Amino acid sequence: MLFIPRVTLPVKIAIIVLVVLGLIFAGAGVILRAVDYGPAQPVPFSHRIHAGTKDISCFFCHQYATVSANAGIPSVEKCLLCHNVIVPRWRPVEKIHEYAQRNEPIPWVRVNRMPEFTHFSHQAHLARGFDCSRCHGNVKEMDRIRPVYKFDMKFCVNCHWENNFSTNCYICHW
Ligand code: HEC
Ligand code: HEC
Ligand code: HEC
Ligand code: HEC
Ligand code: HEC
């Protein structure tokens, strides 16, 4: 299997063990990266740069959050308001122009999704003054968005309980 001349059996075993351990750590690294950085996106859009460093308001891009159930994802046109003039020739930004020329939306990979039978509304929660970070974590530090909390029933019901709000099944399931 492993041909290494003039080394004793224990040394061979040690080498094999090291190789196997190396593979395990490399594999764990890949998995941890995937968890830490969230899914890869068609354009490497960074919340850390836009919402963090450049301090652009969440509501500039997610403008429906206070008025509807969905926060909304910004259109290609909204990106181009800035990127027609800001680093337009930078390769990752050129990709935005390519989508615009083809008249296609950018196929962003969805990060958070509730099951069909469960209803959630941004409007109701923002009206009560909850910050985005209460449910999405510190997005301003994320290059790729990743889920910070698991949106299971406990996550929702615990907070309704703490706020003396209804935990009636039909609030969320209809
Ligand atoms: C310049 C525009 C822009 C700004 C500013 C911005 N976002 Fe986003 N946001 C996007 C785009 C584009 C996506 C879809 C791609 C992605 O997931 O990274 C997105 C996705 C998200 C998602 C994940 C949606 C999903 O798929 O589940 C969350 C959560 C989010 N943004 C929260 C925030 C918060 C909180 C802020 C403010 C701190 C913010 N965003 C500021 C453009 C923006
Ligand atoms: C309000 C202005 C503004 C809007 C709107 C905006 N950006 Fe940006 N974007 C910037 C600025 C400023 C930079 C940083 C440029 C620099 O570093 O010189 C940037 C950088 C980038 C970069 C390069 C990041 C890197 O890692 O080098 C990408 C890709 C990008 N934006 C994608 C997008 C996408 C996609 C949208 C629409 C969802 C968007 N931007 C909307 C201002 C904006
Ligand atoms: C009380 C918890 C909570 C708060 C506060 C909250 N979100 Fe969300 N957000 C969720 C849940 C749950 C989903 C998944 C909803 C679904 O799949 O229907 C979600 C999905 C999203 C999405 C992707 C789908 C969409 O709605 O268009 C974006 C973008 C988003 N949130 C942005 C924001 C921003 C920006 C803020 C602050 C202004 C915010 N959220 C505040 C819980 C929250
Ligand atoms: C941070 C605490 C908190 C979390 C987390 C939370 N909720 Fe709520 N939710 C509230 C409060 C408080 C209200 C009452 C808002 C009001 O006064 O109308 C509410 C209201 C609602 C309503 C009624 C909306 C309406 O239109 O009247 C629904 C549905 C709901 N939540 C679903 C969910 C779901 C699903 C989740 C989990 C994904 C969730 N909530 C997570 C605190 C929370
Ligand atoms: C505040 C919102 C909320 C309330 C109130 C609520 N649920 Fe849920 N429920 C959820 C969410 C969110 C999920 C999805 C969990 C997931 O995706 O793991 C869920 C999932 C479920 C499931 C599927 C279980 C599973 O593991 O997939 C059942 C069954 C269920 N709920 C029944 C109920 C019943 C019965 C009540 C009333 C006693 C109730 N729920 C009240 C938010 C709620």
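Residue 595 is where the sequence shown starts when you use my numbering, and the numbers rise one by one after that.
Glycine included, C-beta positions come from ideal geometry on N, C-alpha and C.
In this text the structure is predicted, and so the values were computed from the model without any measurement.
Shortest alpha-carbon distance to residue i belongs to which of the options?
| i | options | result |
| --- | --- | --- |
| valine 637 | His730, Ile690, Arg704 and Val614 | Ile690 |
| arginine 685 | Asn732, Gln657, Phe639 and Arg707 | Phe639 |
| glycine 646 | Trp755, Asp746, Asp737 and Cys753 | Asp737 |
| histidine 716 | Leu617, His641, Val611 and Asn664 | Asn664 |
| tryptophan 702 | Leu720, Tyr693, Gly731 and Asn762 | Tyr693 |
| isoleucine 700 | Thr602, Asn758 and Ile667 | Ile667 |
| histidine 656 | Phe759, Cys750, Leu720 and Phe745 | Leu720 |
| glutamine 635 | Ser760, Arg704 and Arg728 | Arg704 |
| methionine 708 | Lys734, His677, Phe745 and His644 | Phe745 |
| glutamine 778 | Asn678, Arg722, Ile643 and Asn752 | Coverage of the chain is limited to positions 595 through 768, which leaves residue 778 absent and any answer about it impossible. |
By a C-beta neighbour count over all protein chains shown, 10 Å radius and 16 as the cutoff for buried, is residue i buried or exposed?
| i | result |
| --- | --- |
| lysine 726 | In the sequence on display, residue 726 carries cysteine and not lysine. That one is buried. |
| isoleucine 739 | buried |
| histidine 767 | exposed |
| histidine 713 | exposed |
| valine 661 | exposed |
| valine 670 | buried |
| valine 687 | buried |
| alanine 659 | buried |
| cysteine 763 | exposed |
| aspartate 630 | Confidence in aspartate 630 is poor, its pLDDT being 49 and thus under 50, which makes the residue's placement unreliable; the coordinate value appears in the next sentence. Aspartate 630 is exposed by the Cβ-count criterion. |
| valine 614 | exposed |
Looking at residue i and ligand 3, is the gap between the Cβ and the nearest heavy atom below 7 Å?
| i | result |
| --- | --- |
| asparagine 664 | yes |
| cysteine 726 | yes |
| methionine 708 | yes |
| isoleucine 667 | yes |
| alanine 659 | yes |
Answer yes or no: the CB of residue i versus the heavy atoms of ligand 1, is any distance below 7 Å?
| i | result |
| --- | --- |
| cysteine 652 | yes |
| arginine 704 | yes |
| isoleucine 609 | no |
| glutamine 635 | yes |
| isoleucine 739 | yes |
With respect to 7 Å, is the separation between the Cβ of residue i and the closest non-hydrogen atom of ligand 2 below this value?
| i | result |
| --- | --- |
| histidine 656 | no |
| lysine 734 | no |
| histidine 644 | yes |
| proline 686 | yes |
| histidine 641 | no |
| valine 681 | yes |
| histidine 691 | no |
What do you reckon, is the C-beta of residue i under 7 Å from a heavy atom of ligand 5?
| i | result |
| --- | --- |
| asparagine 697 | no |
TODO: When you get a sec, list the residues whose CB is within less than 6 Å of any heavy atom of ligand 4, chain order please.
DONE: For ligand 4, the selected residues are Thr712, His713, Phe714, Ser715, Ala718, His719, Arg722, Phe724, Arg728, Cys729, Phe745, Phe749, Cys750, Cys753, His754, Asn757, Phe759, Ile765 and Cys766.
Open item on the list: Going residue by residue through the region 693 to 751, where are the continuous alpha helix (DSSP H) segments of at least 4 residues, counting only ones entirely within it?
Closed with: Qualifying alpha helix (DSSP H) stretches, in chain order: 716 to 721 and 726 to 730.
Task: Entirely enclosed alpha helix (DSSP H) segments - the region 631 to 674, minimum 4 residues - done: 652 to 655
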